[in-house]
Amino acid sequence: MSELVTPQVASTDAIAAIAARVREGGVPATKLVTEAIDRAEAIGPAESGFVTLLRRRAMARAEAIDGMVKAGNDPGPLAGVVFGVASIFDVSGEITTGGSRTRMQAPFASRDAAAIRLLEDAGAILIGTQAMDELGYGFVTMNSVFGTVLNPHDATRVAGGAAGGSAVAVAKGLVPFSIAFDFNGSLRIPAALTGVLGLKPTYGDLPVDGCLPIAESLDVVGVLASDVAGLERVYHILRGGAGVPAPVDEPIRFGRLSSWFDTNMNAEMREALDAFWGKLGRVSLELSHSEIARAAASVIIAAEMANLHRASLERDPGSFEPEVRGRLLAGLVMPADDYLRAQRFRAWVRAWLRHKFEMCDVLFTPAAPGFAPTITNPVMDFDGRQVPARSHLGIYTQPISLMGLPAIVLPLAGDHKMPLGVQLIAAAGREELLLRAARELFDKGLCAVPPLPA
Amino acid sequence: MNPNSGGQGAPDETSTAHKPRADVKSLTRWLAETGVNVSDSHAEEALANLAVLQDHAATLREFALDPRTPGALRFVA
Numbered sequence: 001m002s003e004l005v006t007p008q009v010a011s012t013d014a015i016a017a018i019a020a021r022v023r024e025g026g027v028p029a030t031k032l033v034t035e036a037i038d039r040a041e042a043i044g045p046a047e048s049g050f051v052t053l054l055r056r057r058a059m060a061r062a063e064a065i066d067g068m069v070k071a072g073n074d075p076g077p078l079a080g081v082v083f084g085v086a087s088i089f090d091v092s093g094e095i096t097t098g099g100s101r102t103r104m105q106a107p108f109a110s111r112d113a114a115a116i117r118l119l120e121d122a123g124a125i126l127i128g129t130q131a132m133d134e135l136g137y138g139f140v141t142m143n144s145v146f147g148t149v150l151n152p153h154d155a156t157r158v159a160g161g162a163a164g165g166s167a168v169a170v171a172k173g174l175v176p177f178s179i180a181f182d183f184n185g186s187l188r189i190p191a192a193l194t195g196v197l198g199l200k201p202t203y204g205d206l207p208v209d210g211c212l213p214i215a216e217s218l219d220v221v222g223v224l225a226s227d228v229a230g231l232e233r234v235y236h237i238l239r240g241g242a243g244v245p246a247p248v249d250e251p252i253r254f255g256r257l258s259s260w261f262d263t264n265m266n267a268e269m270r271e272a273l274d275a276f277w278g279k280l281g282r283v284s285l286e287l288s289h290s291e292i293a294r295a296a297a298s299v300i301i302a303a304e305m306a307n308l309h310r311a312s313l314e315r316d317p318g319s320f321e322p323e324v325r326g327r328l329l330a331g332l333v334m335p336a337d338d339y340l341r342a343q344r345f346r347a348w349v350r351a352w353l354r355h356k357f358e359m360c361d362v363l364f365t366p367a368a369p370g371f372a373p374t375i376t377n378p379v380m381d382f383d384g385r386q387v388p389a390r391s392h393l394g395i396y397t398q399p400i401s402l403m404g405l406p407a408i409v410l411p412l413a414g415d416h417k418m419p420l421g422v423q424l425i426a427a428a429g430r431e432e433l434l435l436r437a438a439r440e441l442f443d444k445g446l447c448a449v450p451p452l453p454a
Numbered sequence: 001m002n003p004n005s006g007g008q009g010a011p012d013e014t015s016t017a018h019k020p021r022a023d024v025k026s027l028t029r030w031l032a033e034t035g036v037n038v039s040d041s042h043a044e045e046a047l048a049n050l051a052v053l054q055d056h057a058a059t060l061r062e063f064a065l066d067p068r069t070p071g072a073l074r075f076v077a
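Line by line, the protein sequences give chains A and B. Numbered by the numbering used here, the letters in the first sequence go through residues 1 to 454 in order. Numbered by the numbering used here, the letters in the second sequence go through residues 1 to 77 in order.
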């Protein structure tokens with residue numbers, strides 16, 4: 001396992017190191033692929049996060065890369081770097097399941113999703129698809145068809161979701177990065193609960209071509225990685241060479257969001273976030289309309305998902321998981337009036353937000369209310385009441401999705417029993433600022449990737 | 001809005017602020033009219049979720065935006 005990435009050190013650049021070794025002939029890509037797939041097979045889907053392993057495809061790709069190196073050619077900046085994708089990305093010759101029984105008979109994809117093509121053009125190697133909640137609907141990655149993904153820090157706890165398999169594969173060091181989706185917190189929540197980094201870019205920033213739609217107004221492709229440099233490297237490749245704003249040297253002004261983002265936090269999260277805040281100047285801000293944004297997101301998601309899966313509902317509503325079916329059926333009968341009201345608010349709030357980053361450059365919130373809930377009793381305590389984790393883990397991520405803002409989740413440093421994540425938010429199109437903030441927080445020792453238990 | 005109302009996935013069992021106007025019978029009929037035939041148990045699942053969505057819709061209605069003037073939308077809430 002010597003070539004597998006070790007996610008414990010986030011200040012490194014694991015992806016660049018791996019690619020450099022492949023490009024200089026220090027390690028063959030075939031070895032990296034074999035090791036990663038062998039290990040994923042050995043530990044199984046619940047621990048690896050992978051539901052499908054693409055050995056034949058990956059080995060062919062690896063052999064081609066090794067051939068290029070031997071011929072003196074450059075396979076690209078991600079040469080030989082293995083990665084996985086959530087099960088919503090089209091993979092040529094495979095069925096895009098979206099984690100749903102209803103799609104088991106769907107046609108085979110005729111080509112790879114755009115994001116996969118961009119990464120493989122840069123030399124990366126796709127090794128498999130990863131577990132998720134059915135159709136991305138949930139925050140726990142507990143799937144009755146594809147199984148429950150275990151948290152690598154405590155196997156009795158959920159990994160978070162909906163793209164839990166993608167986060168776990170990174171946390172376990174099987175791959176240095178995964179790509180996933182985020183329409184409501186789907187990659188930010190598992191990043192927080194498993195102690196890795198997750199970037200949800202601005203809505204519309206990265207290509208969604210070849211992705212199974214979940215909620216078309218909110219769907220975003222994002223990245224999970226084990227260090228900031230890797231996250232940034234993959235993000236820029238996914239942008240397909242699009243330009244980035246010129247770097248600015250001015251100090252970043254951080255501000256903590258209050259009100260909505262200061263409720264329902266567990267004691268462990270509050271203590272860690274207070275300490276973090278104390279080292280960043282103790283500036284606090286209000287982001288009003290957050291609860292309305294969450295309400296609008298819920299209405300939009302329910303209506304759009306119901307529309308997308310209407311044919312399956314008509315054919316056999318029993319083929320969905322109960323939690324998903326109930327929401328889809330409810331979405332089907334929501335009045336168009338409410339959906340349009342939600343869309344109108346979405347348009348309004350995005351325009352309104354243009355003036356909300358004058359006092360602070362980067363806003364922060366908890367990523368999730370606390371530690372990962374247990375698998376046997378996946379609930380959380382809100383004001384003395386127990387609420388389902390499946391629907392409530394994303395209370396701090398959902399409004400940000402509706403607002404279309406970029407966000408990054410980082411693991412808070414400290415000797416915590418389980419990983420705790422902080423969510424950083426910037427103005428639309430300011431991903432480079434978020435990444436700079438992330439580097440600064442790691443350099444200051446305020447964020448750190450927690451080691452896995454021995 | 002009740003911050004404990006459901007967001008993604010399962011219904012929130014604690015959300016009682018806005019009871020659904022439908023019941024299992026009317027919802028089953030309503031769904032059938034849209035082309036989806038469901039059992040009573042499926043309708044009950046949908047009903048619980050509908051209560052949550054109606055809660056969210058009520059929150060949205062408190063924030064009235066005038067659609068006729070999109071360049072100067074009015075904040076009324």
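C-beta: ideal position from N, C-alpha, C; glycine also. Keep in mind that this is a model prediction, so the values were computed, not measured.
Return the first residue and the last residue of the alpha helix (DSSP H) that V69/A is part of. Indexing the first sequence from 1 puts residue 69/A at position 69. It spans 55–70 - the alpha helix (DSSP H) in which V69/A sits, taken as one unbroken run.
Is there a Cβ of chain A sitting closer than 8 angstroms to that of A17/B, yes or no? Along the second sequence, read from residue 1 onward, the residue named residue 17/B stands at position 17. Legend: pLDDT at A17/B = 47, less than 50; position of this residue unreliable, no value from coordinates given.
Please confirm whether P322/A has its beta-carbon closer than 8 angstroms to some beta-carbon of chain B. Locating residue 322/A in the first sequence gives position 322, counting from the first residue. Among the residues facing chain B, P322/A is included, as its CB has a counterpart in that chain under 8 angstroms away.
For a minimum of 4 consecutive residues, which ranges assigned as the alpha helix (DSSP H) are wholly contained in the segment 275–343 of chain A? Those alpha helix (DSSP H) runs which fall completely within the segment 275–343 of chain A and span 4+ residues are 290–308, 310–315, 322–333.
C-alpha gap between Q343/A and S288/A, whole angstroms: Position 343 of the first sequence, counting from 1, holds the residue named residue 343/A. Position 288 of the first sequence, counting from 1, holds the residue named residue 288/A. If I take the Cα positions, the gap works out to 18 angstroms.
Listed by chain order, chain B residues near G326/A by CB distance under 7 angstroms: Working through the first sequence from its first residue, we reach residue 326/A at position 326. Within chain B, the residues whose beta carbon sits less than 7 angstroms from that of G326/A are P11, E45, A46, A48, N49, listed in sequence order.
To the nearest angstrom, how far is it from the Cα of T102/A to the Cα of F254/A? Here the question's residue 102/A lines up with position 102 in the first sequence. Here the question's residue 254/A lines up with position 254 in the first sequence. The alpha-carbon separation between T102/A and F254/A amounts to approximately 44 angstroms.
T129/A and V175/A closer than 8 angstroms at C-beta: In the first sequence, residue 129/A corresponds to position 129, counting from 1. In the first sequence, residue 175/A corresponds to position 175, counting from 1. Their beta carbons are not under 8 angstroms apart, which means T129/A does not touch V175/A by this criterion.
Could you name the residues that DSSP lists as bridge partners for T34/A? What you label residue 34/A is simply residue 34 of the first sequence in a count that begins at 1. According to DSSP, T34/A bridges with nothing at all.
Using the beta-carbon of each residue, which ones in chain A are nearer than 9 angstroms to A32/B? As a working note, residue 32/B is residue 32 in the second sequence. Ordered by position in chain A, no residue passes the 9 angstroms Cβ test against A32/B, which lies about 11 angstroms from the chain.
For L273/A, which three-state DSSP category applies? Position 273 of the first sequence, counted from the first residue, corresponds to residue 273/A. If DSSP states are grouped into helix, strand and coil, L273/A belongs with the helices.
I believe Y437/A touches V362/A by the beta-carbon criterion, under 8 angstroms. Please report the beta-carbon distance rounded to the nearest angstrom. As a first step, residue 437/A is located in the first sequence; it is residue number 437 there, counting from the start. As a first step, residue 362/A is located in the first sequence; it is residue number 362 there, counting from the start. According to the sequence provided, residue 437/A is Ala. The question's Tyr does not apply to it. Sure, about 5 angstroms apart at Cβ, within 8 angstroms.
With DSSP collapsed to three states, give me the class of V381/A. Position 381 of the first sequence holds residue 381/A. With the sequence shown as reference, residue 381/A is identified as Asp, and Val is not the correct amino acid for it. D381/A: strand per DSSP, three-state reduction.
What separation, rounded to the nearest whole angstrom, lies between the Cα atoms of E232/A and A169/A? One-based indexing of the first sequence puts residue 232/A at position 232. One-based indexing of the first sequence puts residue 169/A at position 169. Distance between the alpha carbons of E232/A and A169/A: 18 angstroms.
Any beta-carbon of chain B closer than 8 angstroms to the one on D456/A? Here chain A has residues from 1 to 454 only, and residue 456/A is not among them.
Okay, do the segment 221–232 of chain A and the segment 240–253 of chain A touch, 3+ Cβ pairs below 8 angstroms being the bar? Verdict: no, contact absent.
Should E291/A be flagged as near chain B, meaning a C-beta pair shorter than 8 angstroms? Start at 1 with the first residue of the first sequence, and residue 291/A comes out as number 291. Yes, contact with chain B.
When you compare the CB positions of T96/A and A109/A, do they come within less than 8 angstroms of one another, or not? Looking up residue 96/A in the first sequence gives position 96. Looking up residue 109/A in the first sequence gives position 109. Taking 8 angstroms as the cut-off, the Cβ atoms of T96/A and A109/A count as close.
Three or more C-beta pairs below 8 angstroms linking the segment 362–371 of chain A and the segment 393–400 of chain A: Short answer: they touch.
Cβ-heavy atom distance, V51/A to the ligand MN, below 7 angstroms: As far as ligands go, the structure on display features none, and thus does not contain the ligand MN.
So, under 8 angstroms CB-CB, A192/A and G160/A are touching, yes? Tell me the CB distance rounded to an integer number of Å. Position 192 of the first sequence, counted from the start, is the residue given in the question as residue 192/A. Position 160 of the first sequence, counted from the start, is the residue given in the question as residue 160/A. About 7 angstroms; that satisfies the 8 angstroms criterion.
For K200/A, which three-state DSSP category applies? The residue given as residue 200/A occupies position 200 in the first sequence. Strand at K200/A.
For chain A, find out if any of its Cβ atoms is closer than 8 angstroms to the Cβ of R61/B; answer yes or no. Here residue 61/B refers to the residue found at position 61 of the second sequence. Yes, R61/B lies at the interface with chain A (some Cβ there is under 8 angstroms from its Cβ).
What does A448/A touch in chain B if you count any residue whose Cβ is under 9 angstroms from its own? Your numbering for residue 448/A matches position 448 in the first sequence. The premise fails here: A448/A is roughly 29 angstroms from chain B at the closest Cβ pair, so nothing lies under 9 angstroms.
With C-beta atoms as the reference, is A106/A less than 8 angstroms away from R23/A? Position 106 of the first sequence holds residue 106/A. Position 23 of the first sequence holds residue 23/A. Not in contact: A106/A and R23/A (Cβ atoms no closer than 8 angstroms).
Within 10 angstroms of its Cβ, does M305/A collect 16 or more other Cβ (buried), or is it exposed? Residue numbering aside, residue 305/A sits at position 305 when the first sequence is read from its first letter. Within a 10 Å sphere around the beta-carbon of M305/A sit 16 or more other beta-carbons, which makes this residue buried.
How is P366/A classed by DSSP in three states: helix, strand or coil? Residue 366/A sits at position 366 when you count from the first residue of the first sequence. In this structure, DSSP gives P366/A an extended state, which the three-state scheme calls strand.
At a cut of 8 angstroms, does the segment 324–342 of chain A reach the segment 133–144 of chain A through at least three beta carbon pairs? Flag = yes, the segment 324–342 of chain A and the segment 133–144 of chain A touch.
C-beta contact flag for L412/A and F276/A at 8 angstroms: Locating residue 412/A in the first sequence gives position 412, where the first residue counts as 1. Locating residue 276/A in the first sequence gives position 276, where the first residue counts as 1. Contact: yes.
Give me the subset of the segment 310–321 of chain A whose CB atoms are less than 7 angstroms from a CB atom of chain B, sorted by chain position. Shown in chain order are the members of the segment 310–321 of chain A whose Cβ falls below 7 angstroms from a Cβ of chain B: L313, E314, P317.
Is there contact between the segment 293–304 of chain A and the segment 330–342 of chain A, where contact requires at least three CB pairs shorter than 8 angstroms? The segment 293–304 of chain A vs the segment 330–342 of chain A: in contact.
Residues of chain A with a CB under 9 angstroms from the CB of V24/B: which are they? Taking the first residue of the second sequence as 1, we reach residue 24/B at position 24. Residues of chain A with a Cβ closer than 9 angstroms to the Cβ of V24/B do not exist; the shortest Cβ-Cβ separation is about 12 angstroms.
Please classify A180/A as buried or exposed, where buried requires at least 16 neighbouring CB atoms within 10 angstroms. In the first sequence, residue 180/A corresponds to position 180, counting from 1. The Cβ neighbour count for A180/A, taken over all protein chains shown within 10 Å, is at least 16; the residue is labelled buried.
Span of the beta strand (DSSP E), counted from its first residue to its last, around V422/A: Translated into positions along the first sequence, residue 422/A becomes position 422. Its beta strand (DSSP E) spans residues 421–425.
Residues, ordered as in the chain, of the segment 345–359 of chain A that lie near chain B by beta-carbon distance below 9 angstroms: Result list: F345, A347, W348, A351, W352.
Give me the DSSP bridge partner(s) of A407/A. Your numbering for residue 407/A matches position 407 in the first sequence. Note: A407/A sits in a beta bridge opposite K200/A, I425/A.
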